[in-house]
Amino acid sequence: MLDLIIIGSGPAGLSAAVYGIRANLDLIVIEKEFEGTGQIALSSKVDNYLGLPGLDGYSMGETFRTHASDFGVNFVEATVTEIKQDTADKHWTVTTAKGETYESKAVIYAAGAVHRHLGVPGEEEFSAKGVSYCATCDGAFYRGKTTAVVGGGDTALDDALYLAGLCEKVYLIHRRDAFRAAEITVKKVKEKENIELVLNSQVAEILGDGSVNAVKLVDGRTLDINGIFIAAGSVPVTRYVEGIVDLDPAGYIIADESGRTNAPGFFAAGDVRTKTLRQVVTAVSDGANALSNAAHYISSL
Ligand SMILES: Cc1cc2nc3c(=O)[nH]c(=O)nc-3n(C[C@H](O)[C@H](O)[C@H](O)COP(=O)(O)OP(=O)(O)OC[C@H]3O[C@@H](n4cnc5c(N)ncnc54)[C@H](O)[C@@H]3O)c2cc1C
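In our numbering, the protein residues as written are 24 to 324.
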């Protein structure tokens with residue numbers, strides 16, 4: 024039996040793995056994406072991680088993962104579909120979509136978060152045909168064209184600025200009249216000539232003919248566009264832990280900085296747990312804290 028299974032190789036999982044190897048634990052990291060490094064791979068530029076200013080998110084993720092693999096971390100590429108605790112001796116069994124099972128004394132769950140969908144007609148139909156959740160991944164396809172960004176937080180405004188550098192015109196559609204993004208970003212957006220703010224408005228439907236060609240708003244207006252980028256926040260990946268650990272009303276695992284949950288031997292780290300700031304720096308810190316507490320738990324058995 025393994026000491027520890029870490030689920031997810033984003034910043035939180037990789038940080039836990041590095042600390043785990045140094046604590047001499049027998050561990051594996053299960054990650055569903057090929058050489059995945061989590062959400063940060065989607066960021067065009069990360070300017071707020073101490074010591075690595077200006078690095079693009081993909082390179083930052085690679086740096087983290089190389090650090091872990093150079094330390095001898097064993098990665099398993101698979102999607103975790105079931106997690107169970109033995110009622111007698113309390114060990115954990117983790118099952119993947121391939122039907123493989125792994126047993127361990129403790130689990131660190133660091134499966135992060137995913138993009139929130141709008142749930143409007145046309146969104147699924149035109150997914151990857153004009154509907155995107157990652158401006159830095161897909162923005163280049165819209166060079167010289169007209170796009171819309173939906174959302175009012177940092178990601179939405181960053182996306183609008185990024186696209187404004189590529190597209191002829193960018194509509195920024197936000198359901199309120201004020202943004203939740205950093206003031207400096209809001210100022211830059213307002214100064215950008217090819218960004219048109221569409222405030223107090225919401226998307227009713229995404230229209231197209233094979234690919235997106237317009238967006239219909241709830242007030243009845245229709246904007247002609249070639250692509251739409253949805254930046255409406257994220258939801259935690261906690262589907263497989265419902266019934267195992269306590270979740271808050273938004274679906275985040277209830278755990279403090281220690282990573283401890285209500286289930287003995289089950290620790291949560293990174294964006295997936297209850298906290299106020301979801302960033303690389305807090306995810307990395309969570310991974311270290313969760314590992315430290317998991318190591319204490321394992322040695323106490
Ligand atoms: C576009 C964008 C820009 C950002 N920019 C910044 C920035 O500039 N600065 C900053 O500090 N933060 C930024 N962030 C936030 C930052 O990326 C996250 O806070 C951080 O990645 C969270 O790390 P994590 O390890 O908790 O989760 P994630 O990064 O979400 O990693 C979770 C991992 O778990 C894997 N996984 C999920 N479910 C399963 C399963 N069932 N089985 C196996 N594996 C699974 C996923 O594939 C993923 O690799 C940005 C995020 C986005 C989306």
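Think of the CB as a built atom: it goes at the ideal place given N, C-alpha and C, for glycine as much as any other residue.
Check, Outcome
"What I want to know is whether the C-beta of Thr102 ends up closer than 6 Å to one or more non-hydrogen atoms of ligand 1.", "yes"
"Beta carbon of Ile251, beta carbon of Val235: below 7 Å?", "yes"
"Here's the rule: buried if 16 or more other CB atoms are within 10 angstroms of the residue's CB, otherwise exposed. What is Asn249?", "buried"
"For the beta strand (DSSP E) that contains Thr97, what are its first and last residues?", "For the sequence presented, residue 97 should be read as Asn rather than Thr. Its beta strand (DSSP E) spans residues Asn97 to Glu100."
"Roughly how far, in whole angstroms, is the beta-carbon of Gly77 from the beta-carbon of Asp70, given that I think they are within contact range, below 8 Å?", "6 Å"
"Hey, is Val260 close to ligand 1, as in C-beta under 6 Å from one of its heavy atoms?", "yes"
"Is the separation between the beta-carbon of Ile44 and that of Phe94 shorter than 7 Å?", "yes"
"DSSP on Ile350, reduced to helix/strand/coil?", "Because the chain in this structure spans residues 24 to 324, residue 350 falls outside the shown range and cannot be described."
"Is the closest heavy atom of ligand 1 to the C-beta of Ile251 under 6 Å?", "no"
"Could you pull out every unbroken alpha helix (DSSP H) segment of at least 4 residues lying fully inside the stretch 85–142, listed in chain order?", "none"
"Based on Cα-Cα distance, which residue from Tyr320, Ala254, His90 and Gly59 lies nearest to Gly282?", "Tyr320"
"Between Cys190 and Leu230, what straight-line distance do the alpha-carbon atoms span, to the nearest angstrom?", "20 Å"
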